[in-house]
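Q:
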Amino acid sequence: MNEFDVIRKLSGLLPPAPPEVLVPIGDDCAVLRLGGGTWAAASDMLVSGRHFKGWADPADVGYKAVAVNVSDVAAMGGTPRFILVSGAAPDPETALGVFEGVAEACGEFGVYPLGGDTTGADALTVDVAILGEIEGVPVLRSGARPGDLLAVTGELGASAAGLLALEEGREGFERLKARHLRPRPRVGTGRAAARLGVGAMIDLSDGLASDVRHVCERSEVGCRVDLDALPVSEDARRLAASLGRDPGVLAATGGEDYELLVSAPEHVLDALAETAGLPVTVVGEVTGAGIDFRRGGDVVEELSGWDHFS
Ligand SMILES: [Mg+2]
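Just so we're aligned: the sequence shown equals residues 1 to 310 in UniProt numbering.
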C-alpha cells in the first residue's frame with residue numbers, strides 16, 4: 001500500500017458529509033461553507049528523519065511547516081488566515097525554536113496562530129492545521145479539460161537540488177538550500193489564477209510527475225509533459241550535473257518546490273503571467289487519456305514522485 005491507497009481506504013470509512021462540506025477529502029484542501037463564507041481547511045506534518053535532518057534548525061522546521069500549509073490554501077485560490085500548531089520536541093528549547101519559525105512565517109503570510117499543543121518526544125514533529133478564506137469559487141484538481149495547456153509558476157528542481165546540497169554537505173548553493181528549507185508559497189498567484197478562471201490547480205509538493213497524475217485522475221483526462229520545457233535554474237542544473245543527476249528528471253520528481261501547476265487555455269495563462277510577477281512556464285498540455293512524459297519526442301518511462309510510505 002502506498003500513501004494514496006491509504007487515503008482511498010480512509011475515504012471508504014468516512015460518514016456521509018454534512019451539507020456544509022463543499023469539497024471533501026481528496027483535493028489540496030477541503031472546502032466548507034461556514035457563516036456565509038467559504039473556507040479551505042488542510043493540515044500537513046513534518047517529521048524529523050523523514051522530512052528533514054540535522055541540517056534544518058528548529059526555526060526552519062517551524063517556518064516550513066506553516067509555509068507548506070499556506071501552499072495548500074494557495075492551490076485552492078484562497079487566502080491563508082488561521083493555523084493551529086501541534087508538535088513534539090526532544091526538549092523545551094527546541095519547541096521554542098520551532099515556534100520562532102512559526103511566528104516568522106505567520107507574520108510573513110498574514111496568518112494568525114490560534115493555538116495548538118506540545119509534548120516531548122525523541123523525533124521533532126510539527127503538525128499545522130490551516131484555515132484559508134476563499135472569495136469566489138475554489139479551484140479544484142478536477143477542472144482540467146483536453147486542449148488546456150499545463151503551466152507551472154516559478155522554477156522546478158531548486159528544492160530537490162538544495163536538499164542534495166544539504167545532504168552531501170556541499171559548500172555554497174545557499175539559494176537552493178534556502179528554497180528547500182524555507183519554500184515560498186504562491187498565494188498571490190493562486191488567487192490571481194482563481195480570479196482569471198484557470199481550470200485546475202495543485203501545488204507541487206510531491207513532484208510534478210506525481211502531482212500531475214493527481215490532476216489527471218481527478219479530471220479524468222491525460223496529459224503530455226515535455227521534460228525539456230521545465231523551468232530549471234542555472235544553479236540547480238550545475239548542482240545536479242556535479243552529482244551526475246539529470247536536471248530534468250530532478251525537476252520532475254524531486255518535489256517540495258511548492259510552485260503551482262495550473263491547466264488553462266493559452267489566453268488565461270498569458271493573463272496570469274502578466275499579473276504573477278514571476279515566470280509562468282507552459283510545460284505540456286491536457287489530452288484525452290494517458291500520462292506521457294517526453295523528451296525530444298521520446299517517451300520517458302517510470303517517472304514517479306514522492307511516496308510518503310516508501
Ligand atoms: Mg497540495
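We put the CB at the ideal spot given by N, CA and C, even for glycine.
Buried or exposed: residue 299, going by 16 or more other Cβ atoms within 10 Å of its Cβ?
A: Classification of residue 299: exposed, given that the 10 Å Cβ count is below 16.
Q: Near residue 312, which residues of its chain fall below 6 Å by C-beta distance, leaving aside the five closest residues on each side in sequence?
A: The structure shown has nothing for residue 312, since the chain only spans 1 to 310.
Q: Is the separation between the beta-carbon of residue 258 and that of residue 170 shorter than 8 Å?
A: In this structure, residue 170 does not lie closer than 8 Å to residue 258 by Cβ.
Q: Report yes if the CB atom of residue 78 is closer than 8 Å to the CB atom of residue 138, and no otherwise.
A: Going by C-beta atoms, residue 78 is nearer than 8 Å to residue 138.
Q: Tell me the DSSP secondary structure of residue 205 in three-state form.
A: Three-state DSSP puts residue 205 in coil, outside helix and strand.
Q: Do residue 141 and residue 214 count as a contact pair if the criterion is CB distance below 8 Å?
A: Contact flag set, yes.
Q: On the DSSP bridge assignment, give the partners of residue 4 in chain order.
A: According to DSSP, residue 4 bridges with nothing at all.
Q: In angstroms with no decimal places, state the Cα-to-Cα distance between residue 272 and residue 196.
A: One C-alpha to the other measures close to 7 Å.
Q: So, with DSSP's three-state summary, where would you put residue 75?
A: Looking at residue 75 - three-state DSSP - the assignment turns out to be coil, as it is neither helix nor strand.
Q: Give the DSSP-derived three-state secondary structure of residue 29 in the structure shown.
A: Here residue 29 sits in coil by DSSP.
Q: Answer yes or no: do residue 146 and residue 286 have a C-beta to C-beta separation smaller than 8 Å?
A: In contact: residue 146 and residue 286 (Cβ atoms closer than 8 Å).
Q: How is the beta strand (DSSP E) around residue 293 delimited, first residue to last?
A: Note, residue 293: beta strand (DSSP E), 291-295.
Q: Could you check the C-alpha separation between residue 93 and residue 105 for me, to the nearest Å?
A: Taking the straight line from one Cα to the other gives about 19 Å.
Q: Three or more C-beta pairs closer than 8 Å, one from the region 202-209 and one from the region 123-130: is that the case here?
A: Too few Cβ pairs lie closer than 8 Å, so no.
Q: Nearest to residue 264 by CA position, among 216, 283, 198, 288, is which residue?
A: The shortest C-alpha separation from residue 264 is found at 198.
Q: Please find out if some non-hydrogen atom of ligand 1 comes closer than 7 Å to the beta-carbon of residue 72.
A: Yes.
Q: My guess is that residue 216 and residue 207 are in contact by the Cβ rule of under 8 Å, so how many angstroms apart are they, rounded?
A: Contact doesn't hold; Cβ gap of about 14 Å is too wide.
Q: If you follow the alpha helix (DSSP H) that residue 135 is part of, which residue opens it and which one closes it?
A: Element bounds for residue 135: n/a, residue is neither H nor E.
Q: Beta carbon of residue 228: closer than 7 Å to some heavy atom of ligand 1?
A: No, Cβ of residue 228 sits at least 7 Å from all heavy atoms of ligand 1.
Q: Looking only at its chain, what residues have a beta carbon closer than 7 Å to the beta carbon of residue 228, apart from the 5 residues adjacent to it on each side?
A: Excluding residues within five positions, the ones whose Cβ falls inside 7 Å are 248, 295, 296.
Q: Compute the beta-carbon to beta-carbon distance between residue 21 and residue 32, rounded to the nearest angstrom, for a pair I have assumed lies under 8 Å.
A: So it is a contact: roughly 6 Å between Cβ atoms.
Q: Could you tell me if residue 243 is buried or exposed, where buried requires 16 or more neighbouring beta carbons within 10 angstroms of its beta carbon?
A: By the neighbour-count rule (16 or more Cβ atoms within 10 Å), residue 243 is not buried but exposed.
Q: Could you compute how far the alpha carbon of residue 99 sits from the alpha carbon of residue 64?
A: Whole-angstrom Cα-Cα distance: 11 Å.
Q: Under 7 Å Cβ to Cβ from residue 176, same chain only, skipping five residues before and after it: list those, please.
A: Within the same chain, residue 176 has close Cβ partners 158, 161, 162, 165, 235, 236, 239.
Q: Name the one or two DSSP bridge partners that residue 48 has.
A: According to DSSP, which records beta bridges pairwise, residue 48 is partnered with 52.
Q: Assign residue 256 to one of two classes, buried (16 or more other C-beta atoms within 10 Å of its C-beta) or exposed (fewer than that).
A: Buried is the call here.
Q: Using only the alpha-carbon positions, how far apart do residue 87 and residue 115 sit?
A: Going by the C-alpha atoms only, they are around 11 Å apart.
Q: Out of 232, 189, 219, 301, which one is the CA nearest neighbour of residue 289?
A: Measuring from the Cα of residue 289, the nearest candidate turns out to be 219.
Q: Report yes if the C-beta distance between residue 61 and residue 46 is below 8 Å; otherwise report no.
A: Result yes, Cβ atoms of residue 61 and residue 46 sit closer than 8 Å.
Q: Shorter than 7 Å, the distance from the beta carbon of residue 28 to the closest heavy atom of ligand 1, or not?
A: Within the cutoff, so yes.
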